[in-house]
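Sequential numbering of the sequence shown, starting at 151, is according to this note's numbering.
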Amino acid sequence: MVSLWHSVLILLAPLFLIRSFILNRALKRFCSEKSYGYKIFYFFFGSFQDVLVIFQVIFLGLLLKNFIEVSSVIHGVLSLIYTAIILDCFVDAFLYHSTQLRLEAPFLAFTSGIKCFWDSAKERKIAWLFPLLGIGLTVALAFFYVVFERFSYDYTNILFLASFVSLGLSVLSQFIIPKKISYGLDNAFFAQQWWLIKRLYYFLRRISFFKKFQGHAKKEILQPSNEKYFSLSSRYPLLKYTSGFYGEKQCEINLEEGSSPHIVLLFLESFRAKDVGSLGGSYNVTPNFDNLAKQGYLFSNFYANSVKTTRAVSSTLFGIPSDINSSEISSRIDMPFISLAYLLSKHGYKTLYHHNGLLEFENQIEFFSSYGYQELIGRDEIIKKYPYAPLTSWGVHDEYLMNYSASKIEQHINSSSQPLFMTMFTISNHHPWTLPESMRKTCLEGIADERYEKFLYTMNYSDYALGQFISKLREKKLTKDIVFFILGDHGYPMGEHLNNHIEQRYLYDENLKVPLLVLSDGKIKTPKVIDDLGSQIDLIPTIMDLCNLKGLNHARGTSLLRKAKRQVFFHNPYAYRFYGTRKGSYKLIYTKSSNEIELYDLTLDPEEKNDISKKMPNLAFQYLQDVKDYHEYYKSLYDSKRFSPFELEGRVAIVDFSKLSKYSSNRLLSEIKKYPFILHLDLSHCDLLTDETLESMLKPHSEIQSLNLANCHMLTSTSLKGIAKHCLNLKFIDVSNCMFSDEDIDGFSKNALQLEKLKKSDKKQKYH
C-alpha cells in the first residue's frame, strides 16, 4: 500500500509540471509589475484546482468500490480517466503556449474534424506532439494503473476534509482572482467543469432570464429600419412577417419587374478590408477584386459580426448575431432558425452550398441540410471532378472550387428556369496559408513578418481564383441574370495590436472589417463606393428588398440598398470575452472578463491606437449600455430558444396564395392540401374566396398564427366566426379592405383569445 499523501503527490506531479512550465507564463504577462507575493497567491489558488481534480478521481474510486468487486477493473477505469485528464491538461497547455487560447469545453466540437488542423499543427511546429503523445499516454496509463493498484482507501475522513477545502478554495478562486489571470492559470479540467456548471445554471434560469430582458425588445438598437413588417408573437419577439421596404435608395439594381435573379453569396476566407487595394491596401494583392469593385457597389465600412467562419454563417443566413457563448453554432442544429436559404426556397429557388473543405468539419452536412440547403458540395465531390488538384489538410484550393461552381451554375441555367441561390465558402486563405505550387508569388517588399507575407500571398491567390470565377461565367454570358454578393467571412490580425496573430483575440478592425461587393452585370448603371455602416446581419433584408420578397423571418438587420443610420454590433466570445459596437465614427470595445472599455474615433484614429473612453465618458457609457443590452437580450433568446415555433418536425411553413387571386374555391382547397403545417397563411387579393371555402381551408390548421385576408371582398362576418372557432393559436390577422363592420371586428376580437394584433383598413392596429 501507498499512503494517501504519497499518492496525491505522485498524481499531482504531472499537473504541477504543466502549471509550472507552461500555464504560469500568464503570471509573467499579467504580474510583471506586481510583487512576488501576488505570484505566490495566484499560484496557490491554481494549485488547489489541481488537487481538487485528483480528489475527484479518488472519490470515483471510492464510489466504484461499492459496485465493482474486481479491483483490477477499478484500477483500470481510474487510470484511463486520469490519463485522459492529463491529456486534456497537456493539450490545453500547449494550445495556450502557442495561441494564448485555452481548451474550452465548446472546442470539443472540433474533434470530429481534427485532421483538418494537421497543416496548421505542422506550421506551428507542434505536429511532433502527436507521436509523442501516443507513446506518453501508453506509459502514463501503465504508471497510473500501478499507482491506483497500490493506493489505500482507508483515509475517508481525511479525504472528505481535504477535498472540501480544495473545492472551496477552487471555487473561491473564480471570484477573487482577476479573470484575465485566472484564464491563464486555471486547471483545464476544472475550468471545463466550471463552464458546464454555468451552462446548467443558465439553462435552469433561461425562462427568468428571457423575462428579465424581454423589455429590451422595444429598444431602437433591436428594431429593423426601413422595413414594412408586423410582429407575430410576444413568445417569439424577433419573429415577423416582412411585406416590403421603404426609404431612399442608395443602390439601384435594375431587375425586370417580377423577375427572380440568381443569387451567389461568395465568402472569401479571412479576406480582410485592410489589405484590399480599393479600400486602401498597400500591397496590391487584390487586383481582380479591385477591378470588379469599379463595376458594382463596394461597401467600405462593412463588418463581420464575429470572428469565425461559423459565426459569419449564423449572422448572414439567419440575420441575427451568433450565440454569444463560445459554443460553436454549426454543431447546434436544434435552434429554431428561419434561414435565408429556407426563405428563398419557399419562393422557388434551388439552394446550394459549395465549400472546398471537408463538410464533416463542424457538422456542416447536417447543419446546412437542416436549414434549407438542398444540395451540398464539399472537398470530396470537387476532387472527384479534379483528381489532380493539390490538397492541404483544410481542403482543395480555391480555383477548383470556383471552376466546379461555375460549371454547376452553367449547367443549372442552361437546363432549368428555376432561380438559383448558391452559397460559397473558400478555404485557401486559412492558416497556415499554403499556396499551390503552380501559383507564382506576387512581388512583395518591406514585409518583415513572415506570417503576414504568407497571408498576403494566399489572399492574392484567392483574388486570382475570384477573377477566374467571374471570367468563366462572363465568357458563357451567364452573369447578366446573377447578382453576386462577394465578401470576407471575417478578418485576421497580423500583429497590429499587442502582437496578436489569433483571430479569437480582441475586436479591432483587423479582426472584423471586411469588404462587401454587390455585382450584377448590366443591372448597375452607376457603380460607387458606399461609406454607410453595414454588417452581415443586413444581408437577409437586402436580398429580400432586392427581390421584392415577402415572408416570415427573424432578421434584425437593415436593407443595404437604402440609406439608414445603422449601428453595428460584434463579439468575440473566446478568451476574455469581447463585445463591441460601432455607430458613426465611434467604436467601443468592452472586455467582459476584466470590465475594461476602449473607445476610438475611427475618423481621426483609423488604426485604433488612442483610447478616448476617459475623455468622453458619457458617450462610452451610452455605447457600453447598448452593447450590454444587445448581447444580454440575444443571450436570453438563445438560452430559451425563442426564435420561432419549432415544436413540430420540419420547418416553419409560410403559405402565400396572394398571387392566386383568380383561383376558384376548389382550386384553393386543392392547393392548401399540399401543406400539412402552416404558420402564416396569406390569402390577400383572393377575390373568389368565400366564407365556406375559407372555413374548409382553416379546419385542419389550428396551428396558424398569422392570417392575411386583405382585399378579400366576398368574405362576411361568418368568416370571422369560423376563424375564431378553428384558428385557436392566431396571433395576427390583417382584414384591410374587407367588408367587415367595426361591430363584426370587435366581436371577433373578443372571441379570438390568443389574438395580439389586428390590422384594419384605416391602417391602425388594434391591440388585443
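Backbone N, C-alpha and C fix where the C-beta goes; we use that ideal spot for every residue, glycine too.
These figures come from a predicted structure and were not determined experimentally.
Of the candidates 644, 909, 400, 384, the residue whose Cα lies closest to the Cα of residue 892 is 909. By the CB criterion at 8 angstroms, residue 584 and residue 629 fall outside the cutoff.
Pairing residue 314 with residue 233 gives a Cβ-Cβ distance that is not under 8 angstroms. Looking at 854, 472, 736, the one whose alpha-carbon comes closest to that of residue 755 is 736. If the five residues before and after residue 599 are omitted, its C-beta is found closer than 8 angstroms to the C-beta atoms of 644, 645, all from its own chain and listed in chain order. Assigned with DSSP and collapsed to three states, residue 377 falls in strand. Under the DSSP definition of a beta bridge, residue 685 partners with 453.
For secondary structure counted as the alpha helix (DSSP H) over 4 or more consecutive residues, the segment 726-814 holds these complete runs in sequence order: 767-790. The beta carbon of residue 415 is closer than 6 angstroms to those of 573, 635 in its chain, skipping five residues each way along the sequence. Pairing residue 712 with residue 670, the inter-Cα distance amounts to about 17 angstroms. By the neighbour-count definition (other C-beta atoms within 10 Å, threshold 16), residue 855 is a buried residue. With fewer than 16 other Cβ atoms from the protein chains shown falling within 10 Å of its own Cβ, residue 624 counts as exposed. The beta carbon of residue 867 is closer than 6 angstroms to those of 894 in its chain, skipping five residues each way along the sequence. Counting only the Cα atoms, residue 503 lies some 6 angstroms from residue 525.
When secondary structure is reduced to three states using DSSP, residue 390 falls in the strand class. The alpha-carbon of residue 704 is positioned some 7 angstroms away from that of residue 469. For residue 369, the closest of 775, 586, 536 by C-alpha to C-alpha distance is 775.
With a cutoff of 8 angstroms on beta-carbon distance, residue 858 and residue 884 are scored as near each other. Counting only runs that start and end inside the segment 391-451, the beta strand (DSSP E) elements of at least 3 residues fall at 412-418. Under DSSP, residue 507 shares a beta bridge with 545. Cβ-Cβ distances below 8 angstroms link residue 459 to 417, 419, 575, 639, 640 in the same chain, with the five nearest sequence neighbours on each side left out; the list follows chain order. The Cβ atoms of residue 540 and residue 595 lie no closer than 8 angstroms to each other. If you draw a straight line from the Cα of residue 287 to the Cα of residue 237, it comes to about 8 angstroms. As far as DSSP is concerned, residue 872 takes part in no beta bridge.
Residue environment analysis places residue 530 among the exposed positions, since fewer than 16 neighbouring C-beta atoms fall within 10 angstroms of its C-beta.
Between residue 688 and residue 612 a beta carbon distance of about 23 angstroms is seen, past the 8 angstroms cut, so the two are scored as non-contacting. For residue 647, the three-state secondary structure derived from DSSP is coil.
Residue environment analysis places residue 218 among the exposed positions, since fewer than 16 neighbouring C-beta atoms fall within 10 angstroms of its C-beta. For the set 757, 589, 225, 751, the Cα lying nearest the Cα of residue 766 is the one of 751. Spatial neighbours of residue 322 in its own chain (CB-CB distance under 6 angstroms, excluding positions within 5 residues in sequence) are not present.
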